[in-house]
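S.K.:
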Amino acid sequence: MKKGRNPTHPCGIHQIDAATAAKINRQYLSITEGTLKEVHEGDKICTGCLRKTLNEKVEYDMNENDVIEPMSIDETEWFDYDDEDHEEVVNGNDFEQVNDKIEDLPSSQEDKHKKEQVRRTLNIIFKLFNIPAIRDIRRIKNIRQKVDNVCSALYKFCDILLKPEQESMNHYLSMKDSNILLSGLKTLFQESTDNEQIRLLTISPDSWGRKTIRKWFNCTDYQAQQALLLKKTKGLLAFPEYFSGNKHLTENTINVVNEFYLQDGISRASSRKRDIIHINKTPVPIRFMEMTIREAFATFIIQNPTVNISKSSFYALRPREVKCMGPSDTCLCIYHENMSLLFKGLNKYLKSNSIEHNDSIEVITDKYFVNRILCSIPTENCFTRQCNVCGMINPSDILKENNINLNENASWSQWKTINHKVELFHMDGSFDLLLDAIDSHWTNFLLHSYLTAEQREYIKNLRLNSSDSTYIVAQIDFAENFTIFHQREVQGYHWNNKQITIFTVHLKAGSINKNVVIISDYMLHNTAFVYVAQGLIVDFIKTNFPSVEKINYLSDGATNHFKNSFNIFNLTRHKDDFGLAACWTFSSTGHGKGPCDGLGASVKYTATRSIITSGTSISSAEEFYEFTRNLNYNAANTSITNQPPIHVFYIKSTTVEHVYSEILKLRWENLNKT
Numbered sequence: 004m005k006k007g008r009n010p011t012h013p014c015g016i017h018q019i020d021a022a023t024a025a026k027i028n029r030q031y032l033s034i035t036e037g038t039l040k041e042v043h044e045g046d047k048i049c050t051g052c053l054r055k056t057l058n059e060k061v062e063y064d065m066n067e068n069d070v071i072e073p074m075s076i077d078e079t080e081w082f083d084y085d086d087e088d089h090e091e092v093v094n095g096n097d098f099e100q101v102n103d104k105i106e107d108l109p110s111s112q113e114d115k116h117k118k119e120q121v122r123r124t125l126n127i128i129f130k131l132f133n134i135p136a137i138r139d140i141r142r143i144k145n146i147r148q149k150v151d152n153v154c155s156a157l158y159k160f161c162d163i164l165l166k167p168e169q170e171s172m173n174h175y176l177s178m179k180d181s182n183i184l185l186s187g188l189k190t191l192f193q194e195s196t197d198n199e200q201i202r203l204l205t206i207s208p209d210s211w212g213r214k215t216i217r218k219w220f221n222c223t224d225y226q227a228q229q230a231l232l233l234k235k236t237k238g239l240l241a242f243p244e245y246f247s248g249n250k251h252l253t254e255n256t257i258n259v260v261n262e263f264y265l266q267d268g269i270s271r272a273s274s275r276k277r278d279i280i281h282i283n284k285t286p287v288p289i290r291f292m293e294m295t296i297r298e299a300f301a302t303f304i305i306q307n308p309t310v311n312i313s314k315s316s317f318y319a320l321r322p323r324e325v326k327c328m329g330p331s332d333t334c335l336c337i338y339h340e341n342m343s344l345l346f347k348g349l350n351k352y353l354k355s356n357s358i359e360h361n362d363s364i365e366v367i368t369d370k371y372f373v374n375r376i377l378c379s380i381p382t383e384n385c386f387t388r389q390c391n392v393c394g395m396i397n398p399s400d401i402l403k404e405n406n407i408n409l410n411e412n413a414s415w416s417q418w419k420t421i422n423h424k425v426e427l428f429h430m431d432g433s434f435d436l437l438l439d440a441i442d443s444h445w446t447n448f449l450l451h452s453y454l455t456a457e458q459r460e461y462i463k464n465l466r467l468n469s470s471d472s473t474y475i476v477a478q479i480d481f482a483e484n485f486t487i488f489h490q491r492e493v494q495g496y497h498w499n500n501k502q503i504t505i506f507t508v509h510l511k512a513g514s515i516n517k518n519v520v521i522i523s524d525y526m527l528h529n530t531a532f533v534y535v536a537q538g539l540i541v542d543f544i545k546t547n548f549p550s551v552e553k554i555n556y557l558s559d560g561a562t563n564h565f566k567n568s569f570n571i572f573n574l575t576r577h578k579d580d581f582g583l584a585a586c587w588t589f590s591s592t593g594h595g596k597g598p599c600d601g602l603g604a605s606v607k608y609t610a611t612r613s614i615i616t617s618g619t620s621i622s623s624a625e626e627f628y629e630f631t632r633n634l635n636y637n638a639a640n641t642s643i644t645n646q647p648p649i650h651v652f653y654i655k656s657t658t659v660e661h662v663y664s665e666i667l668k669l670r671w672e673n674l675n676k677t
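With the numbering used here applied, the sequence shown corresponds to residues 4 to 677, in that order.
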């Protein structure tokens, strides 16, 4: 209070009223023992004294029993002041005016004042609900419980007053628990996918609009709009549907398509060592399609009528190792290749004829004549030309319906065997001669196609029905010999290269697959070597499949080592020689491609790549065997199953010669006598 110019007596700027002056005189008179001069209405006090006076007023209003009196309008008022030169009369009851200027007070005083105001307000509310007043603000848990009780009571009063159509659900959650759940909901929304976010937005209250949803969930306007539409049409937590894109394919559909592409007849494994790609650092043989994607898709739909997939998706699911365009290849079926060459000459003639007459004609294939000639539901008699309805119809009869000039020139090619040599001949003649050539090949081609399809289906079921407790399918074949070479060779070595025999075996027992490669320095691909290899195969099967009761050998019809009387005679003695029953299935002529071709290509590729890049030296069949075995054993150490991808064995030439002289020679001499 200003009484002089000393620093301890600052100049007052706030005038006080009579009530405030009386209060100051009453409280400080006893302390100062009458030395303090009394203040009167209109005197000025400084800002610090004003704050202290107001705080003491608040403490005075709070008695130790926390008796709550009805709050009057005057009690909610505060004071208003500033540090300007103009004077203001301060009313001790003008609390609201000071509240408007509360930012001018120190932060500690501001917080204390706010807390006290809130405490008094809550005590007023608690008194209405017969809830004990707040005595100590440090009892946080107790205060929150009281607030939760008030909220619960208010909701009950609201339901009683408004009589809602649906019965309210009281989850008995505190405000703290509710906030935790809501915070978790927001976190879940932010971490969800776009579709799940729209689905979660449907749980918003019906009274919420697009802007409210966007603000609370921090989403986009589009998501809020889609959620409102989805909730209106399909209800809470409905799944949004988008018709602008395709539905995701199931994992089962993807697996079925992949397995279809890898079937023999749909694609074939390349036997060339350069046709290898790496998938996940593993060499995988390339497979080439044996038909177009359109034809493969049509075949897939026929075999799997319940699978719903488009042609574009079918093409997109083609495995990486399956290629559409195949290179120039060998060992093709002469029946199919000759008929394909005839159709190529036919299409060439029809195309030139249609250009002259401005007509359009479809490409002629074997399936075109099958659909036009055979019955709608063909039987075996239709393919063997014994059907009374379609047995006498030839392809030329279909083509002559178009009134084609039979005397015009045409050209075509054919594979023919002359003096035990197969050569490709190019021929020119009339269109009538071309039709005669097609008719002459049609009967054999139709029967061969039927047998190939039936045999392919039989082999497919044979593999599917195999198991490790009944029979195992062993597909065997000779791979092309590996020619030994070195990274740096002197002049003249090229004409003295040595070769290595590679015999491949693929074992299938249900879902279990085993790959076996037998390496040898015995260079003759004959039945004697096959017999010795059978002994290794049987021992391997007995070790890895002890419950197998029978072996079903599967091979092509090569007469030098498989499809001959000596091998069949050995088959009749199979159980006596090796202690395990066996049978033999031959594939159709020219259609013996299978996983064995890929095994040979993989083994030769890894050796070639190592020689070229790492300088590995391989000079004999034994060194080739050691390299291949070590490579696969190292791969087994890093594999989850601890199994090598290829099991490698070695047969010495002396072993084959000994078995032939001691066992097979005498046996086959008796066969020749019969």
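Just so you know, even glycine gets a beta-carbon here, dropped at the ideal spot from N, CA and C.
Return the chain-ordered list of same chain residues with a C-beta closer than 8 angstroms to the C-beta of residue 578, the five sequence neighbours on each side being excluded.
M.R.: Within the same chain, residue 578 has close Cβ partners 584 and 585.
S.K.: For residue 176, I'd like the list of residues in its chain whose CB is within less than 8 angstroms of its CB, leaving aside the five on either flank, ordered along the chain.
M.R.: Closer than 8 angstroms at Cβ, skipping near neighbours: 184.
S.K.: According to the neighbour-count rule (16 or more other Cβ atoms, all chains shown, within 10 Å of its Cβ), is residue 517 buried or exposed?
M.R.: Buried, since its Cβ has 16 or more Cβ neighbours within 10 Å.
S.K.: Spatial neighbours of residue 27 within its chain, please: CB distance less than 6 angstroms, with the 5 preceding and 5 following residues excluded, ordered by chain position.
M.R.: Same-chain partners within the cutoff: 42.
S.K.: If you reduce the DSSP assignment to three classes, tell me which class residue 510 lands in.
M.R.: DSSP places residue 510 in strand when its eight states are reduced to three.
S.K.: Could you compute how far the alpha carbon of residue 410 sits from the alpha carbon of residue 404?
M.R.: Between residue 410 and residue 404, the C-alpha separation is close to 15 angstroms.
S.K.: For residue 122, list the residues DSSP reports as bridge partners.
M.R.: According to DSSP, residue 122 bridges with nothing at all.
S.K.: For residue 586, name the three-state secondary structure that DSSP assigns.
M.R.: Residue 586: strand per DSSP, three-state reduction.
S.K.: Check whether the Cβ atoms of residue 603 and residue 520 sit closer than 9 angstroms, and answer yes or no.
M.R.: Yes, Cβ-Cβ distance for residue 603 and residue 520 is below 9 angstroms.
S.K.: Indicate whether the contact test is met: 3 or more Cβ pairs, each with one atom in the segment 213-233 and one in the segment 196-204, closer than 8 angstroms.
M.R.: In short, these stretches touch, since the Cβ pair count reaches three.
S.K.: If we call anything under 9 angstroms between Cβ atoms a contact, is residue 303 one with residue 242?
M.R.: In this structure, residue 242 does not lie closer than 9 angstroms to residue 303 by Cβ.
S.K.: Please state if the CB of residue 337 and the CB of residue 592 are separated by a distance shorter than 9 angstroms.
M.R.: Cβ distance < 9 angstroms, so residue 592 and residue 337 count as in contact.
S.K.: Applying the criterion that 16 or more other CB atoms from any shown protein chain within 10 Å of the CB defines a buried residue, is residue 297 buried or exposed?
M.R.: With fewer than 16 Cβ atoms within 10 Å of its Cβ, residue 297 is classed as exposed.
S.K.: Relative to the C-alpha of residue 511, which candidate in 220, 563, 341 and 597 has its C-alpha closest?
M.R.: Of the candidates 220, 563, 341 and 597, the one whose C-alpha sits nearest the C-alpha of residue 511 is 597.
S.K.: Taking residue 509 as the reference, give the member of 440, 490, 556 and 343 with the closest Cα.
M.R.: Of the candidates 440, 490, 556 and 343, the one whose C-alpha sits nearest the C-alpha of residue 509 is 556.
S.K.: Grouping DSSP H, G and I as helix and E and B as strand, with all else coil, what is residue 546?
M.R.: Residue state, collapsed to three classes: helix.
S.K.: Is it right to say residue 72 is buried, meaning 16 or more other beta carbons lie within 10 angstroms of its own, or is it exposed?
M.R.: Only weak support is given to the placement of residue 72: the predicted model assigns it a pLDDT of 37, under 50, and the question is left unresolved by the model.
S.K.: What are the residues that DSSP puts in a beta bridge with residue 430?
M.R.: Answer by DSSP bridge pairing, in chain order: 415.
S.K.: Going by C-alpha distance, which of 142, 181, 254 and 282 is nearest residue 311?
M.R.: Ranking 142, 181, 254 and 282 by Cα distance to residue 311 puts 254 first.
S.K.: Does DSSP put residue 678 in a helix, in a strand, or in coil?
M.R.: Any property of residue 678 remains undetermined from this structure, which presents the chain solely from 4 to 677.
S.K.: Return helix, strand or coil for residue 271, following the three-state DSSP convention.
M.R.: In this structure, residue 271 counts as strand in the three-state DSSP scheme.
S.K.: Is there contact between the segment 385-403 and the segment 435-455, where contact requires at least three CB pairs shorter than 8 angstroms?
M.R.: Taking 8 angstroms as the limit for Cβ pairs, the verdict is that the segment 435-455 does touch the segment 385-403.
S.K.: In terms of residues, what are the limits of the beta strand (DSSP E) holding residue 477?
M.R.: Residue 477 -> beta strand (DSSP E) spans 474-481.
S.K.: Can the beta-carbon of residue 347 be found closer than 9 angstroms to that of residue 416?
M.R.: Yes, these two residues count as a Cβ contact at 9 angstroms.
S.K.: Start and end of the beta strand (DSSP E) containing residue 150?
M.R.: Counting along the chain, residue 150 falls outside any beta strand (DSSP E), though it belongs to the alpha helix (DSSP H) covering 143-165.
S.K.: Which same chain residues end up closer than 7 angstroms to residue 538 when comparing Cβ atoms and leaving out the 5 residues on each side of it in sequence?
M.R.: Closer than 7 angstroms at the Cβ level, and outside the excluded window around residue 538, lie 581.
S.K.: Please classify residue 138: does DSSP put it in a helix, a strand, or coil?
M.R.: Coil at residue 138, not helix or strand.
S.K.: So what's residue 647 in DSSP terms, helix, strand or just coil?
M.R.: The answer is coil: DSSP assigns residue 647 none of H, G, I, E or B.
S.K.: For residue 424, which three-state DSSP category applies?
M.R.: Note: residue 424 maps to strand in three-state DSSP.
S.K.: Quick check: the Cα distance between residue 89 and residue 116, rounded to an integer number of angstroms?
M.R.: Unreliable positioning characterises residue 89 in this predicted model, as indicated by a pLDDT of 39, which lies under 50. The coordinate reading is nonetheless provided below. Between residue 89 and residue 116, the C-alpha separation is close to 26 angstroms.
S.K.: Would you report the Cα separation of residue 145 and residue 236, rounded to the nearest angstrom?
M.R.: Looking at the two C-alpha atoms, the distance is approximately 45 angstroms.
S.K.: So, is residue 620 buried or exposed, given that buried needs 16 or more other C-beta atoms within 10 angstroms?
M.R.: Per the 10 Å Cβ criterion, exposed.
S.K.: Does residue 208 pass the burial test, meaning 16 or more other C-beta atoms within 10 Å, or should it be called exposed?
M.R.: Looking at its Cβ environment, which holds fewer than 16 other Cβ atoms inside 10 Å, residue 208 is exposed.
S.K.: By Cβ distance, which residues of its chain are closer than 6 angstroms to residue 533, with the 5 residues on each side in sequence left out?
M.R.: Counting only Cβ-Cβ distances below 6 angstroms, and skipping sequence neighbours, we find 564.
S.K.: Helix, strand or coil: how does DSSP classify residue 290 here?
M.R.: Strand.
S.K.: Measuring alpha carbon to alpha carbon, tell me which of 414, 190, 340 and 466 ends up nearest residue 425.
M.R.: When each option's Cα is compared against that of residue 425, the closest is 340.
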